[in-house]
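**Student:** I am attaching a structure below and will ask some questions about it afterwards.
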Amino acid sequence: MGRADQDRMPDPVPTRKTGCTPLSKEEERISSFFPPTSAAEVRRGSHSHILLSARRTLKVLFHFFMKAPFPLKSVAPKLPIVHRSSYISPTQFSELLGRAKNLKHAVQIHAQLITRSCLSSPFLFNCLLNLYSKCGHVSQSLALFSASNSITHLDETKNVFTYTSLITQLSHCNLPFKALTFFNELRGRNISPNHFTFSAVLPACGDTRLGKQMHSLICKHGFESDVFVGSALVDMYAKSGELDCARRVFDEMPERNLVSWNSVIVGFLRNGCYDQAIGFFTRLIGEDAIGPDEVSFSSVLSACAHVCGVAIGRQVHGVVLKHGLEYLAYVKNSLMDMYCKCGFFDDAEKLFRNTQDRDVVSWNIMVMGFVQNGNFEDACNYFWVMRREGILPDEASFSTVLHAAACIAAFDQGALIHNQILKTGLGGNTCVASSLITMYAKCGSLVDARRAFSESEEHNVISWTAMLSAFQQHGCANQVIELFDDMMQAGIEPDYITFVSVLSACGHTGRVDDGFSYFNLMSQSYNMNPGLEHYACMVDLLGRAGRLYDAKKFVESMPIEPDVSVWGALLGACRKYGDLNMGREVAERLFEIEPDNPGTTCCCTTCMLVEEDWKKQMRSHSRTNEIYEMLAELEELVKQKGYVPEIQHSINDMDEYEERKLWYHSEKLALAYGLLTLPVGAPIRIKKNLRTCCDCHNVMKFASAIFKREIILRDINRFHRFADGLCSCGDYW
1197 MGRADQDRMP
1207 DPVPTRKTGC
1217 TPLSKEEERI
1227 SSFFPPTSAA
1237 EVRRGSHSHI
1247 LLSARRTLKV
1257 LFHFFMKAPF
1267 PLKSVAPKLP
1277 IVHRSSYISP
1287 TQFSELLGRA
1297 KNLKHAVQIH
1307 AQLITRSCLS
1317 SPFLFNCLLN
1327 LYSKCGHVSQ
1337 SLALFSASNS
1347 ITHLDETKNV
1357 FTYTSLITQL
1367 SHCNLPFKAL
1377 TFFNELRGRN
1387 ISPNHFTFSA
1397 VLPACGDTRL
1407 GKQMHSLICK
1417 HGFESDVFVG
1427 SALVDMYAKS
1437 GELDCARRVF
1447 DEMPERNLVS
1457 WNSVIVGFLR
1467 NGCYDQAIGF
1477 FTRLIGEDAI
1487 GPDEVSFSSV
1497 LSACAHVCGV
1507 AIGRQVHGVV
1517 LKHGLEYLAY
1527 VKNSLMDMYC
1537 KCGFFDDAEK
1547 LFRNTQDRDV
1557 VSWNIMVMGF
1567 VQNGNFEDAC
1577 NYFWVMRREG
1587 ILPDEASFST
1597 VLHAAACIAA
1607 FDQGALIHNQ
1617 ILKTGLGGNT
1627 CVASSLITMY
1637 AKCGSLVDAR
1647 RAFSESEEHN
1657 VISWTAMLSA
1667 FQQHGCANQV
1677 IELFDDMMQA
1687 GIEPDYITFV
1697 SVLSACGHTG
1707 RVDDGFSYFN
1717 LMSQSYNMNP
1727 GLEHYACMVD
1737 LLGRAGRLYD
1747 AKKFVESMPI
1757 EPDVSVWGAL
1767 LGACRKYGDL
1777 NMGREVAERL
1787 FEIEPDNPGT
1797 TCCCTTCMLV
1807 EEDWKKQMRS
1817 HSRTNEIYEM
1827 LAELEELVKQ
1837 KGYVPEIQHS
1847 INDMDEYEER
1857 KLWYHSEKLA
1867 LAYGLLTLPV
1877 GAPIRIKKNL
1887 RTCCDCHNVM
1897 KFASAIFKRE
1907 IILRDINRFH
1917 RFADGLCSCG
1927 DYW
């Protein structure tokens, strides 16, 4: 066989099993024949026939390697080190670098490059930098780059592509300071940045001033007309909130690509300019040369969801079908989310049922849709169906379903979900822990809420605030103040909601001076403008202290227009202290703001139901007779213990001033049902959508002592925990 015949190899045929080509018998013999060879023998030319065969065989092995999975040691370590520099060309190494998947492979290839002295190639050096970044180890890229500074021939290989590669990695890994540092180093070495360099460094310019300086530098180098640089500029200005600058750059671009359009649409979306985002999408679909992609559709559908523009959303849905992108999970999830947020849940559910490859995002959207539409039980049911289908929940799944369980005070459901959280290892997640705290608190179990707070691995402002709210809801005002002090000592800065809990706690303990101190602390120490919730807490604080005219004066001096919550707090104080004249005036203001609000109607007037309809609704339960028998027994028992009807502050029913009507309040009916159906000694949990009246409050205290069991009543304002004839609120609510 001649030299030409040796070098001309037939095309190998892939095998069915591995996709690799089998060696011939001769090639197998040669590939296993690499005896240890000294450097002196190589210099003398001995074993030249082996080197020739080795070169040919390694080409075959490299073909195998490119078709087969790693590890590299299955090929390279069998070859003598002194021979390896002749075996694999830089082009083949670049292919190898492109196929590597993890850090182990990167280190192996790095070692081979050093062994073969191939790192002096700028191309391979840059490929290795990219490989470390692709493996998620930008620190290795930085180490490689720094180590090369001490090696002259490596340091000289650094060019604009090397720096651009590293800057790109640092920008993507959210290390803007390092990215800008290397950009300055590039300029310090008199290396001119190119359009790729500017595109890479612009995402690191989070500060508008710095971004504008970079823009000037781009103009100086003449890259302002480049489509990639222009798109990066639009994105930079949009992320900084400089929408006018973003739009100006976009309008001045001589050529635009899809990235440019998506950057400006996403920028308007992020800054709450939903109509402009929809307008730019409309312009995009009018472009003949450019068509929208999944990012475009997802962004405009999100904008439609925020403005409840279901009509536009349906048109976008039609465009999705026209472009044939309805099969993409990203787009389909955005469609479902849009329909849910616009209140068209049936359309979202239809899309969901027609989706074959449903992922956790699809399920989360549906569960959230049920929650947004008030179907909390269905939200919990969908969560369990998701688990049965083998979908692993994430933190969004658990947070949403825990919220659903909290809204219906489903303690047992919440405990089962907690068990799933522990199984998936998310018990220490701060977001999930905060949702657990809220769920247990709203289900009446402060002990479990505290345990969830203690077991959280890391406490942030959300978890601290959740625990503060839990104490506040359960009437533990002193613990709220103590925990707030602990939060300050831990160095956690309070947020908007934190102060709502603290001010409410001051109101429930009569700490008027402390309340004003915390109220002023918001603006003086934290540069936070009080909102309507904070003003409502302050009005409630003054009203509970009996300072009605101070409360009214406070409302009239508000820098923002008071809403229902503020006037409602003042009306509650008027009712408590019997100031009918002021109460009538406040009620008129409430009716002007929200005449159709049922809570407003209930607070301002007597119930609008006629007596016949009221009686009819009271008798609709399947166990009505048993409930009323238990209610009669309860009435007799509490009267024996000294119960006296309290009718002074009751306004919930038309005939409420008649003693008999007091016993048909929903709290008492729920209590009777709980005594009838729950095991002896089990806690009774009751949820009411209005403030509980004084008479029901008194009956609950008597019942807790008579039946020796805990009663947990959650009204619209807070929790009341009755035990041994006492309430956790201290009769101050």
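Everything in the sequence shown is counted per the working numbering, starting at 1197 for the first residue and increasing by one.
Don't be surprised by glycine CBs; every beta carbon is placed ideally from N, CA and C.
Alpha carbon to alpha carbon, how far is phenylalanine 1715 from valine 1657? Give it in angstroms, no decimals.
**Tutor:** One C-alpha to the other measures close to 18 Å.
**Student:** For cysteine 1923, write down the residues that DSSP places opposite it in a beta bridge.
**Tutor:** Answer is Phe1918, bridged to cysteine 1923.
**Student:** If you follow the beta strand (DSSP E) that arginine 1910 is in, where does it begin and where does it stop?
**Tutor:** 1907 to 1910
**Student:** Three or more C-beta pairs under 8 Å: does that hold for the region 1883 to 1898 against the region 1676 to 1684?
**Tutor:** no
**Student:** Who does isoleucine 1882 pair with in a DSSP beta bridge?
**Tutor:** Leu1909
**Student:** Go ahead and label alanine 1878 buried or exposed: buried means 16 or more other beta carbons lie within 10 angstroms of its beta carbon, across all protein chains shown.
**Tutor:** Alanine 1878 should be labelled exposed.
**Student:** Which whole-angstrom value is the C-beta distance of tyrosine 1147 and proline 1690, which I expect to be below 8 Å?
**Tutor:** No statement about residue 1147 is possible, as the shown extent of the chain runs from 1197 to 1929 and does not include it.
**Student:** Taking all protein chains shown into account, decide if alanine 1828 is buried (16 or more other Cβ within 10 angstroms of its Cβ) or exposed.
**Tutor:** exposed
**Student:** For aspartate 1447, count neighbouring C-beta atoms within 10 Å of its own C-beta (all shown protein chains included) and say buried if the count is 16 or more, exposed if not.
**Tutor:** Result: exposed.
**Student:** Can you give the Cα-Cα distance for valine 1563 and tyrosine 1578, rounded to whole angstroms?
**Tutor:** One alpha carbon belongs to valine 1563, the other to tyrosine 1578, and they sit about 6 Å apart.
**Student:** In chain order, which continuous runs of the beta strand (DSSP E) of length 3 or greater are located wholly inside the region 1371 to 1402?
**Tutor:** none
**Student:** For tyrosine 1526, name the three-state secondary structure that DSSP assigns.
**Tutor:** Shown here, tyrosine 1526 sits in a helix according to DSSP, grouped into three states.
**Student:** Is it buried or exposed for glutamine 1720, if we count other Cβ within 10 angstroms and need 16 for buried?
**Tutor:** Residue environment: glutamine 1720 is assigned as exposed (fewer than 16 neighbouring CB atoms within 10 Å of its CB, all protein chains considered).
**Student:** Candidates Ala1507, Leu1767, Met1734: which alpha carbon is nearest serine 1753's?
**Tutor:** It is Met1734.
**Student:** Which parts of the region 1685 to 1729 are runs of the alpha helix (DSSP H), unbroken and 4 residues or longer, counting only runs that do not cross its ends?
**Tutor:** 1692 to 1705, 1708 to 1722
**Student:** If you check the beta carbons only, do serine 1652 and threonine 1626 fall under 8 Å apart?
**Tutor:** yes
**Student:** Please state whether DSSP places leucine 1624 in a helix, a strand or coil.
**Tutor:** Sequence check: residue 1624 is glycine here, not leucine. It is coil, neither helix nor strand.
**Student:** Three-state secondary structure (DSSP) at leucine 1521?
**Tutor:** coil
**Student:** Can you give me the C-alpha to C-alpha distance between threonine 1217 and cysteine 1331, rounded to a whole angstrom?
**Tutor:** With a pLDDT of 44 at threonine 1217, under the threshold of 50, the predicted position of this residue should be treated as unreliable, though the coordinate-derived value follows. Roughly 29 Å separates the two Cα atoms.
**Student:** Return the first residue and the last residue of the alpha helix (DSSP H) that tyrosine 1860 is part of.
**Tutor:** Here tyrosine 1860 belongs to no alpha helix (DSSP H), and DSSP marks it neither H nor E.
**Student:** What residue range does the alpha helix (DSSP H) around isoleucine 1902 cover?
**Tutor:** 1890 to 1902
**Student:** Using beta-carbon positions only, say whether leucine 1872 and glutamate 1832 come within less than 8 Å of one another.
**Tutor:** no
**Student:** Note down, in chain order, each residue of its chain lying with its Cβ closer than 6 Å to the Cβ of leucine 1376, except the 5 sequence neighbours on either side.
**Tutor:** Ala1400
**Student:** Does DSSP classify asparagine 1550 as helix, strand or coil?
**Tutor:** Coil, per DSSP.
**Student:** Within the same chain, show all residues whose beta-carbon is closer than 8 Å to that of tryptophan 1763, passing over the 5 residues directly before and after it, in chain order.
**Tutor:** Val1751, Val1782, Arg1785, Leu1786, Ile1789
**Student:** Which of the three DSSP states is assigned to aspartate 1431 in this structure?
**Tutor:** Helix, per DSSP.
**Student:** So the candidates are Ile1902, Ser1459, Tyr1328, Thr1358; which of them puts its Cα closest to the Cα of arginine 1385?
**Tutor:** Thr1358
**Student:** Please go through the same chain and pick out, in chain order, the residues whose beta-carbon is closer than 7 Å to the beta-carbon of alanine 1919, but skip the five residues on each side of it.
**Tutor:** Ser1900, Glu1906
**Student:** For phenylalanine 1540, which residues of its own chain have a beta-carbon under 7 Å away from its beta-carbon, when the five flanking residues on both sides are left out?
**Tutor:** Val1506
**Student:** Give the straight-line distance between the Cα atoms of valine 1696 and alanine 1769, rounded to the nearest whole angstrom.
**Tutor:** 19 Å
**Student:** Closest to leucine 1547 by CA distance: which of Asn1529, Lys1537, Val1556 is it?
**Tutor:** Asn1529
**Student:** Please specify which runs of the alpha helix (DSSP H), each continuous and at least 4 residues long, are wholly inside the region 1583 to 1665, giving them in chain order.
**Tutor:** 1591 to 1603, 1607 to 1620, 1626 to 1638, 1642 to 1651
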